[in-house]
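Q: Under our numbering, the sequence shown has 213 at position 167, and the numbering climbs by one with no breaks.
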Amino acid sequence: MTKRPFVFTPQTIHSHLDERFYRIVKPASFPDHIIRYRNQDAASSVGLADLSDDAWRDHFGRFVPFEGSFPAPLALCYHGHQFGHYNPELGDGRGFLFAQTRAADGRLLDMGTKGSGTTPFSRSADGRLTLKGAVREILATEMLQALGVNTSKTLSVIETGEALTRHDEPSPTRSAVMVRLSHSHIRIGSFQRLSYMDDAEGIEMLARHVIRHYYADDPALDPAADFDALVPLFLEKVAASIATTAGQWLAAGFVHGVLNTDNFNITGESFDYGPWRFLPHFDPGLVAAYFDDMGRYAYGRQADAALWAVCRLADCFVRFASKETIEDSLRGFFPEMEASLADQLQWRLGVTLNDKTEAPTLCRHLFTAAKTTKVGFDQIFHDLYGGSDRVGTYHVDDWKPVLDILAASKPIHDMSHPHFARTDAVSMTIDEVEAIWAPIAAADDWSLLHQKIDDVRAMRAALKGDIPTHNQS
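Have a look at this one:
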């Protein structure tokens with residue numbers, strides 16, 4: 047029986063909120079619209095795989111509204127703590143909420159932009175995105191998805207034909223506009239802004255909205271329940287969601303770089319990538335942002351940063367629940383993060399432990415051994431996939447406790463996928479990213495980007511146990 051394609055179903059759910067939560071804006075007009083990345087997998091998930099290139103450019107470059115969608119884009123309002131300092135002058139300064147839709151799995155997804163022009167929140171900025179920034183976001187989201195991280199998806203990148211000046215890139219540099227698919231664009235900072243404005247009604251309205259539309263699958267969360275009773279359940283759920291993602295980052299060797307409260311999605315989904323990095327080798331002190339002088343958001347401090355952000359969300363609800371009640375709702379953060387990390391490490395190693403109580407021990411021994419080796423972080427998982435030392439180089443004292451635990455585990459997939467025949471792991475180090483960008487900048491040569499995406503998607507299929515696909519887009 048032929049499977050029917052999923053039909054695009056526009057939604058306007060964010061407009062159920064009033065205009066204290068957003069500003070209606072106008073997209074920029076660009077001199078050119080060259081499609082550089084069209085994510086057919088993501089497009090299929092929302093019923094847009096069959097859009098012609100002309101229609102793609104119209105909707106994701108010129109921002110012509112879909113029928114039944116918002117008549118005009120919405121720039122969302124939020125504040126946030128940036129490196130620990132509160133900033134009330136934030137908001138969508140170079141992006142907006144363009145459309146909402148249902149995915150094939152029923153989730154509500156936003157189509158949010160980056161580089162789509164100025165808004166009332168732009169301040170002195172130009173509202174644009176560099177093409178290099180867009181390429182970096184493509185690579186981050188492709189790699190994170192392959193490594194099992196709950197992440198937004200880059201749907202589209204269109205080069206827009208403008209020359210931009212940036213202090214952190216050789217300038218003039220090329221411009222682009224990006225569209226991402228994300229499970230909400232509501233941030234911790236969205237609630238902080240309402241608290242800053244002493245808008246208790248707005249806090250309650252937004253929390254009920256999030257529960258109704260983004261946590262609808264949790265029977266413990268009734269959006270119509272008494273709000274004072276709902277608050278601790280809501281905070282517990284958000285804390286658990288963010289903790290789960292933090293554990294996934296650590297297992298992926300990912301350094302987000304800028305874990306400000308305005309960069310935390312209320313659903314826990316990872317999004318909004320700037321100066322990210324993946325670990326070349328295990329290094330808890332690795333930072334991604336050149337301006338993170340104190341290492342606030344270093345790889346090994348990300349769980350602490352995430353909990354700090356969740357606590358700032360909790361601050362917004364002190365008028366609705368006691369301090370003790372709120373503190374109790376957050377106590378599960380680290381157990382949830384540690385469980386997520388343990389699950390993801392096993393998944394990356396391609397095993398399931400017969401004795402689940404060994405999971406924390408495996409994590410501890412793995413990171414201890416990884417710290418002493420010269421082997422790349424991604425290479426470790428590639429070499430040990432399936433629970434055995436496939437290359438014969440890990441039979442040394444530091445790795446013995448890891449190998450002993452893996453020997454008593456069960457493989458979750460066979461090793462027939464061609465990905466496992468590779469000698470070198472698929473990785474995404476900063477040197478690789480720069481090497482991919484260099485020929486694009488110098489000669490408009492996109493072949494290395496396309497090859498990397500093919501490799502990452504093959505890894506994704508292998509880790510999922512799927513038959514490999516090669517529908518590169």
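We treat Cβ as the ideally placed atom computed from N, Cα and C, and that holds for glycine.
The structure displayed is predicted, hence computed values, not measured ones.
Please determine, among 486, 491 and 144, the residue with the shortest C-alpha to C-alpha distance to residue 176.
A: Closest by alpha carbon: 486.
Q: Strictly by DSSP, which residues pair up with residue 456?
A: In DSSP, residue 456 forms a bridge with 398.
Q: May I ask which residues mark the beginning and end of the alpha helix (DSSP H) holding residue 284?
A: It spans 273-298 - the alpha helix (DSSP H) in which residue 284 sits, taken as one unbroken run.
Q: Have a look at the DSSP bridge pairing and note the partners of residue 156.
A: According to DSSP, residue 156 bridges with 146 and 228.
Q: Report the CB separation of residue 321 from residue 345 in whole angstroms; it is logged as a contact under 8 Å.
A: With a Cβ gap of about 13 Å, residue 321 and residue 345 do not count as contacting.
Q: Going by the CB atoms, is the gap between residue 441 and residue 315 shorter than 8 Å?
A: Cβ atoms of residue 315 and residue 441: not closer than 8 Å.
Q: Can you tell me whether residue 479 is buried or exposed, with buried defined as 16 or more other CB within 10 angstroms of its CB?
A: The residue in question, residue 479, is buried, as its Cβ has 16 or more Cβ neighbours within 10 Å.
Q: To the nearest angstrom, how far is it from the Cα of residue 457 to the Cα of residue 464?
A: Rounded to whole angstroms, residue 457 to residue 464 spans 17 Å at the Cα level.
Q: Compare the beta carbon distance of residue 366 and residue 308 with 8 Å and say whether it is the shorter of the two.
A: It is not a contact, given that the beta carbons lie outside the stated cut-off.
Q: Residue range of the beta strand (DSSP E) that residue 249 falls in?
A: Counting along the chain, residue 249 falls outside any beta strand (DSSP E), though it belongs to the alpha helix (DSSP H) covering 246-260.
Q: Considering residue 59, what are the terminal residues of the beta strand (DSSP E) in which it resides?
A: Segment: none, residue 59 is in no beta strand (DSSP E) and carries neither H nor E.
Q: Quick one: which unbroken alpha helix (DSSP H) runs of 4-plus residues sit fully inside the segment 335-373? Chain order, please.
A: Those alpha helix (DSSP H) runs which fall completely within the segment 335-373 and span 4+ residues are 348-361.
Q: With distances taken Cα to Cα, identify the nearest neighbour of residue 470 among 75, 501 and 455.
A: Here the closest residue by C-alpha is 501.
Q: If you run the structure through DSSP and keep just helix, strand and coil, what is residue 204?
A: If DSSP states are grouped into helix, strand and coil, residue 204 belongs with the strands.
Q: Is residue 197 helix, strand or coil by DSSP?
A: Strand at residue 197.
Q: Give me, in chain order, the residues of the same chain whose beta-carbon lies closer than 6 Å to that of residue 415; leave out the 5 immediate sequence neighbours on both sides.
A: Only 444, 445 and 448 meet the Cβ criterion.
Q: Assuming residue 430 contacts residue 395 (C-beta within less than 8 Å), just tell me the rounded distance between them.
A: Residue 430 to residue 395, Cβ: 6 Å. Contact.
Q: Buried or exposed: which applies to residue 211, given that a residue is buried once 16 or more other Cβ atoms fall within 10 Å of its Cβ?
A: Its Cβ having fewer than 16 others within 10 Å, residue 211 is exposed.
Q: CA-CA distance, residue 424 and residue 371?
A: C-alpha separation (whole angstroms): 41 Å.
Q: Taking the Cβ atom as the reference point for each residue, do residue 278 and residue 375 lie within a distance shorter than 8 Å?
A: It is a contact, given that the beta carbons lie within the stated cut-off.
Q: Residues in its own chain within less than 8 Å of residue 351 by CB, not counting five upstream and five downstream?
A: Around residue 351: 305, 342 and 343.
Q: Give me whichever residues DSSP pairs with residue 133 in a beta bridge.
A: Residue 133 pairs with 126.
Q: Just the Cα atoms here: how many angstroms apart are residue 467 and residue 246?
A: If you take the alpha carbons of residue 467 and residue 246, they lie about 58 Å apart.
Q: Compare the beta carbon distance of residue 162 and residue 109 with 8 Å and say whether it is the shorter of the two.
A: The answer is yes: Cβ separation under 8 Å.
Q: Between residue 254 and the rest of its own chain, which residues show a CB-CB distance below 6 Å, the 5 nearest in sequence each way excluded?
A: Here the set comprises 269.
Q: Going by DSSP, what residue range makes up the beta strand (DSSP E) through residue 242?
A: Counting along the chain, residue 242 falls outside any beta strand (DSSP E), though it belongs to the alpha helix (DSSP H) covering 234-242.
Q: Which two residues bound the contiguous beta strand (DSSP E) that contains residue 84?
A: Here the beta strand (DSSP E) through residue 84 covers 80-84.
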